[in-house]
C-alpha cells in the first residue's frame, strides 16, 4: 500500500517552499490539487515546472465556492459529499501507489486538506509536510513585525458575523483576518466599529506576482480571494541603546 502525502506549498512564492515539499513534488507520480471549476488552480500554478513529465494530475474541483452562502445547509452538504468522494478515490489509488496532494500555505492551518485528513484516518497512511502560512508571507510584506513583547495574536475568518468580528477586534493586540474577498466591506466596518481601521493593512496576493500592500483605509472596496487584513501589535519593544 502507498501513502497520501500532503505537501504544504507555503504562501505562494515557490522559493518559499520547503526542500522536503519540493523533493516530494519532483518525485510524485500522482498529484492531486484543489481548484475551482474552470480554473487552473492556485496550488497547481505554484508548482508549474516542478512536476515530472509523466505525472498523473488529479484536479479536485469544488462543487461550489461562492455561489451560495457559506453557512447554508446546501453548501455544507455539497462540500461534505465532495470530500467523501475524494477520500474514497484517494483510498482506492493508494492501494497501488503514493498520491501527493498539494495545499497552499500550511495544510493544518485552515487548509482544505484537513477535511480529507479526517476522512482518511484509519484507512490509509497519511503524511503531512508543513508549509509557511499565507499570513506569514503577508505580514512580512509590510516590513513590520506582527507582534511585539507579550502581544497576543488573534486570527479571524472574514466569514464570521459582523458583531463577532467587532468583539474580537476590540480585544485583540495583533490581528489577522483571513477569507476576505467579498467579505472586505464587512471587515472594514467591523474594524471601524472596533476603532482599529486606521491601523489596518490589506495585503493582496502576498509573495505572489501582483502583490499589493496598502493601508486598508486607503484601499479599494474590493479585493481578490488571496488577500489578508493585518493589524500589528504595539506591545513592549526592545530598547535601543543610545
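Numbering (full-length UniProt numbering), first residue to last: 1 to 242.
Just so you know, even glycine gets a beta-carbon here, dropped at the ideal spot from N, CA and C.
| For residue 156, the nearest candidate out of 109, 128 and 125 (CA to CA) | If you number the chain shown from 1, residue 156 lands on position 156. When only C-alpha atoms are compared, the closest one is 109.
| query | What is the rounded straight-line gap between the Cα of residue 114 and the Cα of residue 106? | reply | The sequence position of residue 114 within the chain shown is 114, counting from 1. The sequence position of residue 106 within the chain shown is 106, counting from 1. Per the coordinates, the alpha-carbon of residue 114 lies some 10 Å from the alpha-carbon of residue 106.
| said: So, for residue 125: in the same chain, excluding its five sequence neighbours on each side, which residues have a beta-carbon less than 6 Å away from its beta-carbon? | reply: Here residue 125 refers to the residue found at position 125 of the chain shown. Closer than 6 Å at Cβ, skipping near neighbours: 3.
| request: Note down, one range per segment and in chain order, each alpha helix (DSSP H) of at least 4 residues found wholly within the stretch 129-182. | output: Look at the stretch 129-182 and you find these whole runs of alpha helix (DSSP H), each 4 residues long or longer: 134-141 and 162-171.
| First through last residue of the beta strand (DSSP E) which encompasses residue 33 | Numbered from 1 along the chain shown, position 33 holds the residue referred to as residue 33. 30-36 is the span of the beta strand (DSSP E), which, as asked, contains residue 33.
| With a cut-off of 8 Å, do at least 3 Cβ pairs link the stretch 225-238 to the stretch 147-154? | When Cβ pairs closer than 8 Å are counted between the two stretches, the stretch 225-238 is seen to touch the stretch 147-154, the count reaching three or more.
| said: Closest to residue 159 by C-alpha separation, out of 117, 36, 138 and 181, would be which residue? | reply: The count along the chain shown starts at 1 and reaches residue 159 at position 159. With distances taken between CA atoms, residue 159 lies nearest to 181 out of 117, 36, 138 and 181.
| task | Would you mind giving the Cβ-Cβ distance between residue 197 and residue 175, rounded to the nearest angstrom? I have them listed as a contact below 8 Å. | result | On the chain shown, residue 197 is found 197 positions in, with the first residue counted as 1. On the chain shown, residue 175 is found 175 positions in, with the first residue counted as 1. Going by Cβ atoms, the distance from residue 197 to residue 175 rounds to 11 Å, so no, they are not a contact pair.
| Run of the beta strand (DSSP E) containing residue 202, from where it starts to where it stops | Taking the first residue of the chain shown as position 1, residue 202 is located at position 202. Here the beta strand (DSSP E) through residue 202 covers 200-204.
| query | Just how far apart, CA to CA, sit residue 168 and residue 200? | reply | Numbered from its first residue, the chain shown carries residue 168 at position 168. Numbered from its first residue, the chain shown carries residue 200 at position 200. Between residue 168 and residue 200, the C-alpha separation is close to 14 Å.
| Is it right to say residue 118 is buried, meaning 16 or more other beta carbons lie within 10 angstroms of its own, or is it exposed? | Locating residue 118 in the chain shown gives position 118, counting from the first residue. Label assigned to residue 118: exposed.
| said: For residue 205, tell me which candidate among 186, 195, 193 and 179 has the shortest Cα-Cα distance. | reply: For this step, residue 205 is matched to residue 205 along the chain shown. Comparing Cα positions, the closest option is 179.
| task | Jot down the residue ranges of each uninterrupted beta strand (DSSP E) in the stretch 39-111, minimum 3 residues, whole runs only, in chain order. | result | For the stretch 39-111, whole beta strand (DSSP E) runs of length 3 or above, ordered along the chain, are 56-62 and 99-103.
| Bounding residues of the beta strand (DSSP E) (the contiguous stretch that carries residue 114) | Along the chain shown, read from residue 1 onward, the residue named residue 114 stands at position 114. Careful: residue 114 lies outside any beta strand (DSSP E), inside the alpha helix (DSSP H) at 113-120.
| task | In the DSSP assignment, find the beta strand (DSSP E) that holds residue 22 and state where it starts and stops. | result | Reading the chain shown from its first residue, position 22 is the one you call residue 22. From DSSP, residue 22 is part of no beta strand (DSSP E) but of the alpha helix (DSSP H) over 19-27.
| task | Express the C-alpha separation of residue 82 and residue 228 in angstroms, rounding to a whole number. | result | As a working note, residue 228 is residue 228 in the chain shown. As a working note, residue 82 is residue 82 in the chain shown. Distance between the alpha carbons of residue 228 and residue 82: 27 Å.
| Near residue 140, which residues of its chain fall below 7 Å by C-beta distance, leaving aside the five closest residues on each side in sequence? | For this step, residue 140 is matched to residue 140 along the chain shown. Around residue 140: no qualifying Cβ.
| field | Distance between residue 5 and residue 127 (C-alpha atoms, nearest Å) | value | For the purposes of this step, residue 127 is identified with residue 127 of the chain shown, where counting begins at 1. For the purposes of this step, residue 5 is identified with residue 5 of the chain shown, where counting begins at 1. Taking the Cα positions, residue 127 is about 5 Å away from residue 5.
| query | In three-state DSSP terms, what is residue 188? | reply | Position 188 of the chain shown, counted from the first residue, corresponds to residue 188. In the three-state reduction of the DSSP assignment, residue 188 falls in the helix class.
| message | Pull the bridge partners of residue 126 from the DSSP assignment, please. | response | Position 126 of the chain shown, counting from 1, holds the residue named residue 126. DSSP output for residue 126 lists 4 as bridge partner(s).
| So, using beta-carbon positions, are residue 202 and residue 165 closer together than 9 Å? | Taking the first residue of the chain shown as 1, we reach residue 202 at position 202. Taking the first residue of the chain shown as 1, we reach residue 165 at position 165. Not a contact, by the Cβ cut-off of 9 Å.
| CA-to-CA distance, residue 31 to residue 22, given in whole angstroms | Counting from 1 along the chain shown, the entry for residue 22 is found at position 22. Counting from 1 along the chain shown, the entry for residue 31 is found at position 31. Taking C-alpha positions only, residue 22 is separated from residue 31 by approximately 13 Å.
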